[in-house]
Amino acid sequence: MQLAVLGGFVVAGMAPLLHRWFGARTPMLMALLPASLTLWLLWQWPTIIAGNVLLLEWAWVPGLDITLTFLIDGLAWLFAMLISVIGALVLVYSGDYLRGHQDLPRFLVVITAFMMSMLGLVLADNLVTLFVFWELTSITSYLLIGFNHTDLAARKAALQGLIVTAGGGLALLAGFVMLAVAGGSWSLSELITQGEVLREHSLYTALLICVLIGAFTKSAQFPFHFWLPNAMAAPTPVSAYLHSATMVKAGIYLLARLHPALGGTDTWVISLSLVGALTMATGAFLAIQHTHIKKMLAYSTIMALGTLTMLLGIGTQGALVAFVVFLLAHSLYKGALFMVAGILDHATGTKDVTAMGGLRHAMPLTAAAACIAALSLAGLPPLLGFVGKELMFESVLEASHYQGVILILAFIAAFLTLAVAVIVALRPFFGPRRETPKTPHEAPPAMLIAPVLLAELSLLLGLVPALLDGLVAAVVTGISLGEVRGVKLSLWHGINLPLLLSLASLAAGVLVFRYWHALRARLARLEPIMARGPEAGYEALMRGLVNVAEWQTRLLQNGYIRNYLVMTLLVFLGLVGHALVFRHSPNIALSIDVYFHEAVAAGLMVSGAIVACVMRSRLAAVAALGVMGFSIALTFVLFSAPDLAITQLLVETLTVILLVLVLFRSPRFADLSTPVERLRDLVVAVLTGGLTTLLMLAVLNGERLPRISDYMVANSQPLGHGHNIVNVILVDFRALDTLGEMFVLALAAMGVYAMLRFHVVDYDARHPPTPRENTDD
């Protein structure tokens, strides 16, 4: 599995080459990767159903206790199966949906990388590994949402999603660090067994808040829900995958995985229950106001994500069973409905449900798949969605906190979602035939197989939900860490309160559907209020960020290097000077014990610096700087640092030559600063030099900590196998730092090469003016 996930990124990078070889068949070929992962996961099913756990470990950064560890239990197996199965179907679907698109190879690269990132996320057992894959999903989803990069709306939606989820990712990183500190381990499998220790730790509240922010932003919980509908700017295959099995389910997975470690407290229960219920009702309420089919489905996804969060907050065994069933039902019907939405757009040229009607004759298979999936969304029998809704109502009735509020919000969400499902199922396919921009036609087989298969699974598992008993028990065991027995799902539980609530929601939903247009007209009056919602806060925050950036750019980054240097040195003086003088009060003992030749070298440095500042001749100033630089090299020689001396000589020689060549073509020196500015510069320079001198004296006279040089001398040969201590420090002890410097240099070289290769086109030479043009300008 590790090789498959990591190798999947290599396969993603090969997509352009494969497209060059196989053309339109490339998506089908790429689908073999998730299909093979599906088969491997099915092979592991007997192990998982028996309650066992697979742990695959590989040392990644042993020195930092970071391992690339994959853990597969019931919870990880379910998510991995959804990602793999729906991923394979999406790739097959996208082959016809994007047939002939010039950017199909780029799409295949990004969506395959996105798929592998999600698999790595749900399988990772190490917090660092999980966070790396978590951020990879944000980056790849940004590229997918902004796939139509020429569309301003797509670029804006992609940036919005990235900022919201990446901001939550920063909070999550802080939460992970505190979680590792509190639990004493970076391993999830170890942390989730230390629930009592973590819940009693002083960092519990802080780390819980950080983790919840990360999960809520990723899974579009209120008030971070606004980015998800805007992400509908992505192509439909992306929307289908994003909403059914990936990205938005990442936060839900994280909450489920950490449930044994962080769950059970009043803070956890109340936060997840209320936020989830509010998100559930908000999503359903906003869905009913739209006619754009993808937007309606997107808001219904927010409803489902809120439901899942609420069920994890309730936390009883019945709620966890409902969580698993609702999760599976949502993945099946939402993937099918989004693909149906893509088929409708592809076949009719419109996404507006009010502009479609009577399409069942031209598109019978699409109509059948849409109706079955929509019935599951509505929670009607005999679909799996009905089983999930019944279990949801039953769990809400068992809630220990704010039961009445949660029940009311759940009922509102249920009947509004039913109305949305009926609109999606009936408006496009039934009623009078409406003219559409394109002549409607049935979708090709490659686009039909995915929604038909997912809809059939919803129907089959609804008719025989007992097929899921073993899976649900295994997943709930993975969430609660307690062996779960006696899970028996059925379509009929008799006449009880959950059934009565379902019937009441059915009646209310039919009324909403009947008077949908009138209701939308009345809700339109709330637009001024809704325009001041969370998204308005996000826009205000971004405008404020831009205004602050413009202000600090005018103040700090105004194009004058002198100002940059002065500001940098003032910050250095303020922070380091305050810490040195007021916080540490160093004991500085000044003893002058130098040889004559050392004093001569120091005098040459000082003289060169002073002459360079006062000379008005360019060549004389460069020569003075050269004297100062070569004096520094001489000092290195005197103090037994030949490597540094050679480096200094080479750099100084090259610098002097470059300065002479540049200044030879530069204008004469001129007074471009006022006397006050020059006095300011002199004061800053003197203070900086004085502070640096004090700092060096404090370091030389302070022995509060062991000397690091002793460690380097003692270990350069045993650990680094080198006798040149400087080289060992650079190559071994500071390997990552040196690698970073090499990367910066390589990046700079690429930039220089690009600039050299860039040819400026002389427009006037290529387009001479005609006699009728005015050439005075």
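Residues in the sequence shown are numbered from 1250 upward in steps of one, following the numbering used here. C-beta: ideal position from N, C-alpha, C; glycine also.
Distance, Cα to Cα, ILE1841 vs LEU1910?
Here residue 1841 corresponds to residue number 592 of the sequence shown, with the count starting at 1. Here residue 1910 corresponds to residue number 661 of the sequence shown, with the count starting at 1. Going from the Cα of ILE1841 to the Cα of LEU1910 covers about 41 Å.
Below 8 Å between beta carbons: does that hold for ASP1594 and THR1485?
In the sequence shown, the residue the question calls residue 1594 occupies position 345. In the sequence shown, the residue the question calls residue 1485 occupies position 236. Less than 8 Å divides the Cβ of ASP1594 from the Cβ of THR1485.
Does DSSP put GLY1424 in a helix, a strand or coil?
Residue mapping note: residue 1424 aligns to position 175 of the sequence shown, counting from 1. It is helical.
Same chain only: Cβ atoms within 7 Å of LEU1461, ignoring 5 sequence neighbours per side:
On the sequence shown, residue 1461 is found 212 positions in, with the first residue counted as 1. So the list reads SER1520, once near-sequence residues are dropped.
Between the beta-carbon of SER1493 and the beta-carbon of ILE1335, is there less than 8 Å?
The residue labelled residue 1493 in the question sits at position 244 within the sequence shown. The residue labelled residue 1335 in the question sits at position 86 within the sequence shown. Yes, Cβ-Cβ distance for SER1493 and ILE1335 is below 8 Å.
I'd like to confirm the pairing. Which residues does DSSP put opposite GLU1306 in its beta bridges?
For the purposes of this step, residue 1306 is identified with residue 57 of the sequence shown, where counting begins at 1. Its beta-bridge partners are THR1318.
Output the distance between the C-alpha atoms of ARG1832 and THR1817, rounded to the nearest integer angstrom.
The sequence position of residue 1832 within the sequence shown is 583, counting from 1. The sequence position of residue 1817 within the sequence shown is 568, counting from 1. Rounded to the nearest angstrom, the two C-alpha atoms are 21 Å apart.
Out of MET1588, LYS1405, LEU1794, which has the shortest C-alpha to C-alpha gap to LEU1702?
The residue labelled residue 1702 in the question sits at position 453 within the sequence shown. Taking only the C-alpha atoms, the option nearest LEU1702 is MET1588.
Assigned exposure category for HIS1972 - 16 Cβ within 10 Å defines buried:
Stepping through the sequence shown from its first residue, residue 1972 is reached at position 723. By the 10 Å Cβ count, HIS1972 comes out exposed.
Kindly list the residues whose CB is nearer than 7 Å to the CB of GLY1826, restricted to its own chain and excluding five residues on each side of it in sequence; keep chain order.
On the sequence shown, position 577 is the one that residue 1826 refers to. Hits under 7 Å: LEU1940.
Neighbourhood of GLY1857 by C-beta, 7 Å cutoff - its chain only, sequence neighbours within 5 removed:
Here residue 1857 corresponds to residue number 608 of the sequence shown, with the count starting at 1. Excluding positions up to five away in sequence, the list reads ALA1873, LEU1874, VAL1876, MET1877, SER1880.
With a cut-off of 8 Å, do at least 3 Cβ pairs link the segment 1671-1690 to the segment 1604-1615?
yes
Do SER1333 and THR1361 have their C-beta atoms within less than 8 Å of each other?
As a working note, residue 1333 is residue 84 in the sequence shown. As a working note, residue 1361 is residue 112 in the sequence shown. THR1361 sits away from SER1333, with the two beta carbons spaced by 8 Å or more.
Which of helix, strand or coil does DSSP assign to HIS1492?
The residue you call residue 1492 lines up with position 243 of the sequence shown. In the structure shown, HIS1492 sits in a helix (DSSP, three-state: H, G or I).
Evaluate LEU1749 with the Cβ neighbour count: other Cβ atoms within 10 Å of its Cβ, from every protein chain shown; 16 or more gives buried, anything less gives exposed.
To locate residue 1749, count along the sequence shown from 1; it is residue 500. That one is exposed.
Helix, strand or coil at SER1436 according to DSSP, with G and I counted as helix:
Translated into the one-based positions of the sequence shown, residue 1436 becomes position 187. Three-state DSSP puts SER1436 in a strand.
So ILE1357 and PRO1276 are supposed to be a Cβ contact under 8 Å. How far apart are they, rounded?
Within the sequence shown, residue 1357 is the residue found at index 108, counting from 1. Within the sequence shown, residue 1276 is the residue found at index 27, counting from 1. Looking at the sequence itself, residue 1357 is Leu, so the reference to Ile does not match. Indeed, because the Cβ distance is near 6 Å, the residues count as touching under 8 Å.
Exposure of TRP1435, with buried meaning 16 or more beta-carbon neighbours within 10 Å
What you label residue 1435 is simply residue 186 of the sequence shown in a count that begins at 1. Buried, by the Cβ-count rule.
Which residues in the same chain as SER1866 place their Cβ atom closer than 7 Å to its Cβ, once the five residues preceding and following it in sequence are excluded?
Taking the sequence shown and counting its residues from 1, one reaches residue 1866 at position 617. Hits under 7 Å: none found.
Euclidean distance between Cα positions of SER1625 and ALA1533
Start at 1 with the first residue of the sequence shown, and residue 1625 comes out as number 376. Start at 1 with the first residue of the sequence shown, and residue 1533 comes out as number 284. Taking the straight line joining both Cα atoms gives about 15 Å.
Local conformation of ASN1973 per DSSP, three classes:
By 1-based counting over the sequence shown, the position of residue 1973 is 724. The answer is coil: DSSP assigns ASN1973 none of H, G, I, E or B.
What residue range is occupied by the uninterrupted alpha helix (DSSP H) comprising LEU1716?
By one-based count along the sequence shown, residue 1716 stands at place 467. Where LEU1716 is concerned, there is no enclosing alpha helix (DSSP H), given that its DSSP letter is neither H nor E.
Own chain, CB closer than 8 Å to LEU1908, minus 5 neighbours either side, in chain order
Position 659 of the sequence shown, counted from the first residue, corresponds to residue 1908. So the list reads VAL1871, LEU1874, once near-sequence residues are dropped.
The alpha helix (DSSP H) spanning LYS1583 covers which residue range?
Numbered from 1 along the sequence shown, position 334 holds the residue referred to as residue 1583. Note, LYS1583: alpha helix (DSSP H), 1566-1597.
Let me check understanding here. Comparing Cα to Cα, which of GLY1567, LYS1638, TYR2002, ALA1623 lies closest to LEU1575?
Your numbering for residue 1575 matches position 326 in the sequence shown. The amino acid occupying residue 1575 in the given sequence is Phe; Leu does not appear at that position. The shortest CA-to-CA distance from PHE1575 to any of GLY1567, LYS1638, TYR2002, ALA1623 is the one to LYS1638.
Which one or two residues does DSSP pair with ALA1373 in a beta bridge?
The sequence position of residue 1373 within the sequence shown is 124, counting from 1. According to DSSP, which records beta bridges pairwise, ALA1373 is partnered with PHE1319.
Taking the alpha-carbon positions, what's the VAL1613 to THR1389 distance?
Against the sequence shown, residue 1613 aligns to sequence position 364. Against the sequence shown, residue 1389 aligns to sequence position 140. Just to set this straight, residue 1613 is Pro in the shown sequence, not Val. Spanning the two alpha carbons is a distance of roughly 35 Å.
So for ASP1601, helix, strand or coil by DSSP?
Mapped onto the sequence shown, residue 1601 falls at position 352. Looking at ASP1601 - three-state DSSP - the assignment turns out to be strand.
Indicate the three-state DSSP secondary structure (helix, strand or coil) for HIS1833 in the structure shown.
By one-based count along the sequence shown, residue 1833 stands at place 584. Note: HIS1833 maps to helix in three-state DSSP.
Taking LEU1376 as the reference, give the member of LEU1912, GLY1424, GLN1443, GLY1417 with the closest Cα.
As a working mapping, residue 1376 is identified with position 127 in the sequence shown. Looking at the Cα atoms, GLY1424 is the closest of the given residues.
Just reading off the alpha helix (DSSP H) that LEU1804 is part of, what are its end residues?
Reading the sequence shown from its first residue, position 555 is the one you call residue 1804. From DSSP, the alpha helix (DSSP H) with LEU1804 extends over 1783-1805.
Express the C-alpha separation of ALA1373 and VAL1725 in angstroms, rounding to a whole number.
Locating residue 1725 in the sequence shown gives position 476, where the first residue counts as 1. Locating residue 1373 in the sequence shown gives position 124, where the first residue counts as 1. Their backbone Cα atoms lie some 19 Å apart in a straight line.
Going straight from the alpha carbon of LEU1503 to that of ARG1763, what length do you get?
Within the sequence shown, numbered from 1, the residue matching residue 1503 stands at position 254. Within the sequence shown, numbered from 1, the residue matching residue 1763 stands at position 514. Using only the alpha carbons, I get a separation of about 40 Å.
Grab me the residues of THR1540's own chain with a C-beta within less than 6 Å of its C-beta, minus the 5 sequence neighbours each way, in chain order.
Sequence index remark: in the sequence shown, residue 1540 carries index 291 (1-based). ASP1601, VAL1602, THR1603.
What is the C-beta distance between ILE1412 and HIS1474, in whole angstroms, given that I count them as a contact (C-beta under 8 Å)?
Your numbering for residue 1412 matches position 163 in the sequence shown. Your numbering for residue 1474 matches position 225 in the sequence shown. Not really, about 15 Å apart at Cβ, beyond 8 Å.
Decide if SER1958 is buried, meaning its Cβ has at least 16 other Cβ atoms within 10 Å, or exposed.
Position 709 of the sequence shown, counted from the start, is the residue given in the question as residue 1958. Result: exposed.
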